[in-house]
Each structure stands twice: as C-alpha cells, then as structure tokens.
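First the structure, in the form of structure tokens, and then the observations on it.
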Amino acid sequence: MKLNAKLDRLGTETAFAVSAQAKAWADKGNKVYPFHLGDINLQTPSNIREATNRYMNDAKNGYCAPEGIPELRLALAHDVGSKRGVEYGLENVVIQPGGKPTIWKFLATVMNEGDEALYPNPGYPIYESQIGYQGGIPVPYSYNETDTGFEIDMEKLRNSITDKTTILIYNNYQNPMSASSSLEEMQSLAALATEHDLWVLSDDAYFEIRYTDRSPRSIVSIPGMKERTVILYTFSKKFAMTGWRVGASIGPEKVIRHMARFNINDESCTNHFIQHALAEVIREDQSGSKRILSELKSRRDICFSGLNTINGVSLQLPESTFYLFPNVTDVMANKGYTDLDLFRTDALEATGVSFCSRHHFGSPLADEENHYIRFAYSSIEQEDIQEGMGKLKSWIED
Ligand SMILES: Cc1ncc(COP(=O)(O)O)c(C=O)c1O
C-alpha cells in the first residue's frame, strides 16, 4: 500500500523537535531554561475565561456557522479595520481555529500548481511547507542586519520576481527576527505587489505585541492593498490563548468566501462558546492584554541585557514580538564551532539554556555568512531568564 507522494513536500515546525530535546534533557534531572518555543506561560485574561464559562453554561455547545458567529465576525471587522484604517464588514471575516490555518487555506484559495510564492526566510516555517505541499514553488526572500534591526533585501526580492510569481507572504512584525518594516519598506513591497498583481498574505500575528507607543502598521492600510490582501489574525499571542485555537482570516470577500468552504470541509466550525466570549471581549474590554504586554516587556529587557553583556553576541532591541535574534558569528568563531546545531545542543547540555537556531526557520540560503539563534522569552519567568543568561555567559566566555 502506497502513501501519498506529496507527503515528501510537507515540511514541519522543527522547533517542536527542540522542545523534545529540551524535555529529554530535563527528564534526566537537569534544569532547563526554555527559550525555544513561542508559547506563553501566562494566564489568559480573566474576563475571557469568565465569559467563556458563562457561554458554555448557556449551552453554546453545538455546531455553529462554519464561517464563525456573526457577532465575532462583525466585532473583528470593526476592530481590525479601525486599527488599520480600512473598512471591513461581516463578509470580509472568516473565523479560524487559530492563526495557522489561514496560511494553508489562503494558499489553497489563490495558488495554482507551479505558481511562485515569495516568503520570508528566515521566517515562520509553515509558509515554505504549505507552498511546496500544495504544488507551488517556494521562493525565499531574505533580510539584512542593520544598525537598528533587520530590513528586507529589496533588491534581491525584486530580482526574484518572474512572470510565474503570484503571491507575496509578508510577516510584519516578524518571527524569528522581530524585524519591523519602515514605512518606506512597506510601501516598496506594496508597489511591487501592485505592479506584479500579487496576492498578499499579511501575517499580523504580532501586530499588537508591541512595546512602544507608536501605532503598529499593516500593509493593508496602503491604498490598493486591501483588495489583494488577506490578514492572518490570531488571538493566540495578544491574549495568551495559544492553546485555545482561535483566529481569523480577513480580506476580500471573493477570497474569504472560498476559505470558508475549506472550513466546511475541514473542522466544520471553530469552538462555539469561545467565539461568543471573544465577541464580547473584542467589543467591550480588551484591557487584559495590557498585563501580558507589560510582563513580556520586562522579560524582553532582562533577556536583552543578559545577551548584550556576553562577549561576541550582537543584537538590537526590538520593539515588537517576543523574540530576540542575536548574531553569534563571533561567539561561534571564538569557541571553535562551525556547526550551529552542535553549538546549540552543546549549549543545552552545558548550561540547560534551550533555544532555536536560524535553521529552524527555513532552509539557510547559499550566501549566508552570519550565524543567528532565536530566544523566545514568552514562556520563561524573569528569574530564570536572568539565571539562564548568567549560565550562558559563563559557558560562552569560558
Ligand atoms: C508568524 C506566525 N504566524 C502564525 C503563527 C500561528 O499562530 P497560531 O498559534 O494562532 O496558530 C505563529 C505562531 O507562532 C507565528 O509566529
């Protein structure tokens, strides 16, 4: 009996393998400092938990419409639209079980066999996996390190567009680099999308995970983009709801309508009682996210200062997401490493500090010279961040 040949093209999120390694190390009785997974070890805001219980007890326990309940779709249309300066209605929103399903359902709706899709690399690994699995050609674009963070290599991106390119996947604010586009960068991308008539997936998973008073930006706000852009929206990060699995796809009705048909074929609907609770919270009181952001900011500052004092490590302070992506090229050279994965596993065994490396975020490109690792500080207490950084420093500088 044969298995589906397409399975060879399906990728994975290799960060989960790092979790397994960290767990195996902890199971042997070692203390582990978990910086590897972008999960959140904070409680979901109490108003969301209370409202969810209330609606569950109110018998909202059956199936609901595959595209989501109208109350939540309308609440999101207003909230997401007003925060980006565009107008959305009910028909522009389909509720999803998390942020991730938007990726495959978007591609399944707009991509044809052999189409080329641009995606960030390093980037969230599911883009490359789903483009390839669904018969598209994954075309990576990369970032350059600057004095303030990371910026897209626009010249390379422009040069990689062909007459087969139909899709641009864009993640601002970015995992794993915490890259945050300038207005100029965003405008250049929008101009390319318009010029080449591309569909755009704007992965806005971290749109509201920000540590600055400056308003976040989304490419959909640029004139001409709303018609060609689908937003990946998720409750996972903003409200510490990673395991609840609720999100949405928001975009042109002609795309959203078909994405909803995938809901019918797949999960039937997203959890019903949670949708009622979230509609209430989005309309009435989103303040629970403030406590989460404030804790994440403190963790960012401790993690950044810790890394910054280590000889050979270089990084900039990001204003968004919950990741730090330090350049460890000099550290590796000083310690005699050429293999980034060996460096990572040796660090785990010598210090208990567990992190991902650049290799977990797409296949490295041929011309890459620098080495990077990623620290997620969302699932580790402040005290442990401090302690872990101390251990890492001692080992690196030994
Ligand atoms: C860039 C990016 N997009 C999408 C997701 C998926 O979010 P969710 O957990 O809501 O499916 C993640 C999760 O880490 C992410 O980092």
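Residue numbering for the sequence shown follows my numbering, beginning at 53 and increasing consecutively.
Glycine is no exception: its CB is placed at the ideal position from the N, C-alpha and C atoms.
Using a C-beta cut-off of 8 Å, the segment 416-423 makes no contact with the segment 329-348, since fewer than three inter-stretch Cβ pairs fall below that distance. Beyond the five residues adjoining it in sequence on each side, Arg136 comes within less than 6 Å, by CB distance, of Ser270, Val272, Ser273 in the same chain, given in chain order. CA-to-CA, the gap between Ala399 and Ser230 works out to about 23 Å. Its Cα nearest to that of Val380, the residue Ile362 stands out among Thr397, Pro370, Ile362, Ser372. Shortest gap from the CB of Gly303 to any heavy atom of ligand 1: 8 Å or more. Taking 8 Å as the cut-off, one finds at least one heavy atom of ligand 1 near enough to the beta carbon of Ala257. Under the rule that a run must span 4 or more residues, the alpha helix (DSSP H) segments found entirely inside the segment 194-229 read 206-211. Within its own chain, the residues whose Cβ lies closer than 7 Å to the Cβ of Asp337, once the five positions on either side in sequence are excluded, are Asn99, listed in chain order.
The Cβ atoms of Tyr193 and Pro172 sit closer than 9 Å to each other.
When DSSP assignments are scanned along the segment 366-425, the uninterrupted stretches of alpha helix (DSSP H) that are 4 or more residues long and fall wholly within it turn out to be 381-387, 392-403.
Ser232 sits close to Tyr225, with the two beta carbons spaced by under 9 Å. Here the C-alpha atom of Thr246 lies approximately 40 Å from the C-alpha atom of Ser350. Short note on Gly63: C-beta not closer than 8 Å to any heavy atom of ligand 1. Between the segment 118-125 and the segment 140-156 there are three or more inter-stretch CB-CB distances shorter than 8 Å, so the stretches are counted as touching. For Val298, no alpha helix (DSSP H) segment is defined, and its DSSP state is neither H nor E. Bounds of the beta strand (DSSP E) holding Asp255 are 251-255.
In this structure, Ser181 is the residue among Glu207, Ser372, Ser181, Ala78 with its C-alpha nearest to the C-alpha of Thr64. Between Glu203 and Asn196 the beta-carbon gap is near 6 Å, inside 8 Å, which marks them as a contact. Within the DSSP bridge table, the entry for Ala169 names Pro190, Ile219 as partners.
Between Met277 and Val298, the CB-CB gap reaches or exceeds 9 Å.
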